[in-house]
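Chains as they are written, first to last, in our numbering: chain A, 1 to 206; chain B, 207 to 412. The structure under discussion appears below in the form of structure tokens.
Protein chains: 2
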Amino acid sequence: MNEYKRIPAHIGVIPDGNRRWAVERGMDKKDGYRYGIEPGFQLYELCTELGVQELTLYGFTVDNTKRPANQKKAFQKACVDAVMDLANRDAELLVVGNTDSPCFPKELLPFTHRVKFGAGKMKVNFLVNYGWDWDLKYIGGPASKDISRMDLIVRWGGRRRLSGFLPIQSVYADMYVLDELWPDFTPEHLYRALDWYQYQDVTLGG
Amino acid sequence: MNEYKRIPAHIGVIPDGNRRWAVERGMDKKDGYRYGIEPGFQLYELCTELGVQELTLYGFTVDNTKRPANQKKAFQKACVDAVMDLANRDAELLVVGNTDSPCFPKELLPFTHRVKFGAGKMKVNFLVNYGWDWDLKYIGGPASKDISRMDLIVRWGGRRRLSGFLPIQSVYADMYVLDELWPDFTPEHLYRALDWYQYQDVTLGG
């Protein structure tokens, strides 16, 4: 385990590249998603050990649900499977997303209020059928108000953009992009992001 | 002039590094800001030639006004000077920022509705005493509603973050960061960003 002076209190994760990873292996695009579950738990365990207090994962968005039906089913299932596995660990889970749409998996409704699993400890936020515009137009808003400001956002898959990821919580976040595809996750990826993060100053515009 | 297949309709610019540039030259931090005006016009001219339709520049923010008074005066003056010079060129200018605060330069009040200079053509948006939270809580919201979604954001000065730059308009933007400080702007910087932009796909999450 590396030693860091600065550990971000809250890390946001954009786990991109599942479909490209599947295609590279001659698989169907939809088959990439289930290979994205185990990396999520590796990352979760690492963050727990490092003392990260809050971790937010970009599951799928309202935009994503325009994709072909077999892909949609595959990423919905991957999200449900991930939550069912997390329930056996220590976490305080909150699922945030538009539950009024049939695209939101019903199995995840009990977790739209924060639920403690095991000894709790790290807050884990999971965006499921999330839409940035839905989030911001929420009455008494934003819908994501129980998610704190992110310090560091790490994106896999090479794209240097937010793709609608929590516009309010990302205003001051440092963003680190890895070219590697998400299913190829290794701990070294997170260490690389944290090594870089050590040298970023926090100014909040001051 | 380079030839590009894809020209972003709307480019956002975060011209960071003025103070670091001044300190590197043994100058006072505040003196960096005025060296940031001419690069802005070079960029504006280049974008006009390339056929960019809209250009948004991050002037200063409500957060920035916490800085020492001499710095605050210097960046306020730089913003006013830039607008007075732009008035002699072709542009459709809109200044967006919190006018209820004494930090907003009164000289810029006439431009808080879009004003046509010369032959008009390119839309130029200038954020002056802008705050992301002020923007989003605006009644009939957002205060920046006359600024369109950005396709590409280019940031000078090496920091990989938005620093509160237009949270709604940046949701799908590709972000390109240059390590060079803003007063050292050369056209090659923009070309480098555009070369990179050629290979980014626009998915909007689909």
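Each residue gets a CB set at the ideal place from its N, CA and C atoms; glycine is no exception.
Taking CB atoms only, V377 of chain B has a neighbour in chain A less than 8 Å away. For the segment 59 to 77 of chain A, the beta-carbon criterion of a distance under 7 Å to any beta-carbon of chain B is satisfied by T61, D63, N64, K66, R67. Among the CB atoms of chain B, one or more fall inside 8 Å of the CB of W132 of chain A. When secondary structure is reduced to three states using DSSP, T262 of chain B falls in the strand class.
DSSP places R361 of chain B in the uninterrupted beta strand (DSSP E) bounded by 358 to 362. Using a CB distance cut-off of 8 Å, P15 of chain A does not count as an interface residue toward chain B.
Rounded to the nearest angstrom, the gap between the Cα atoms of V62 of chain A and Q42 of chain A is 26 Å.
By the Cβ test, the segment 120 to 138 of chain A is in contact with the segment 60 to 77 of chain A, since at least three Cβ pairs between them sit closer than 8 Å. Of the residues B:Q259, B:D390, B:V301, B:D222, the one whose Cα lies closest to the Cα of G206 of chain A is B:D222. Excluding residues up to 5 positions away in sequence, V383 lie with their Cβ nearer than 6 Å to the Cβ of R366 of chain B in the same chain. Bridge partners of K322 of chain B according to DSSP: B:E298.
Judged by their CB atoms, P373 of chain B and P167 of chain A are nearer to each other than the 8 Å cut-off.
G12 of chain A places its beta carbon 8 Å or farther from that of W182 of chain A.
Here the alpha carbons of A379 of chain B and I359 of chain B stand approximately 6 Å from one another. In this structure, the alpha-carbon of L93 of chain A lies about 6 Å from that of N125 of chain A. Taking each of B:T318, B:H395, B:E209 in turn and checking the Cα distance to N304 of chain B, the smallest one comes out for B:T318. B:M328 is the residue among B:T271, B:P311, B:M328 whose C-alpha sits nearest the C-alpha of D296 of chain B. Among the residues facing chain B, G205 of chain A is included, as its CB has a counterpart in that chain under 8 Å away.
Rounded to the nearest whole angstrom, the C-alpha separation of E24 of chain A and D184 of chain A is 12 Å. N276 of chain B sits in a helix when the DSSP states are folded into three classes. For M356 of chain B, no chain A residue has a Cβ inside 7 Å of its Cβ, as the nearest lies near 10 Å away. Contact between the segment 69 to 88 of chain A and the segment 131 to 151 of chain A is absent: fewer than 3 CB-CB pairs across the two stretches fall below 8 Å.
For M27 of chain A, the secondary structure class from DSSP, reduced to helix, strand or coil, is coil. For P373 of chain B, a Cβ of chain A is located within less than 8 Å of the residue's own Cβ. Secondary structure note for Y130 of chain A: its beta strand (DSSP E) is the uninterrupted segment 123 to 130.
Counting every other CB atom within 10 Å of its CB across the protein chains shown gives Q404 of chain B a total below 16, marking it as exposed. For P245 of chain B, the enclosing alpha helix (DSSP H) begins and ends at 243 to 256. Its Cα nearest to that of Q71 of chain A, the residue A:A22 stands out among A:A22, A:K137, A:E188.
Counting along the chain, the unbroken beta strand (DSSP E) around P15 of chain A starts and ends at 10 to 15. Residue pairing by DSSP puts T61 of chain A in a beta bridge opposite A:Y130.
Between H216 of chain B and E244 of chain B, the C-beta spacing is not below 8 Å.
Residue environment analysis places Y138 of chain A among the exposed positions, since fewer than 16 neighbouring C-beta atoms fall within 10 angstroms of its C-beta.
Just measuring C-alpha positions, the residue of B:T262, B:A275, B:A325 sitting nearest V302 of chain B is B:T262. D380 of chain B is bridged by DSSP to B:L358. Linking A399 of chain B to R114 of chain A through their CA atoms gives a straight-line distance of about 42 Å.
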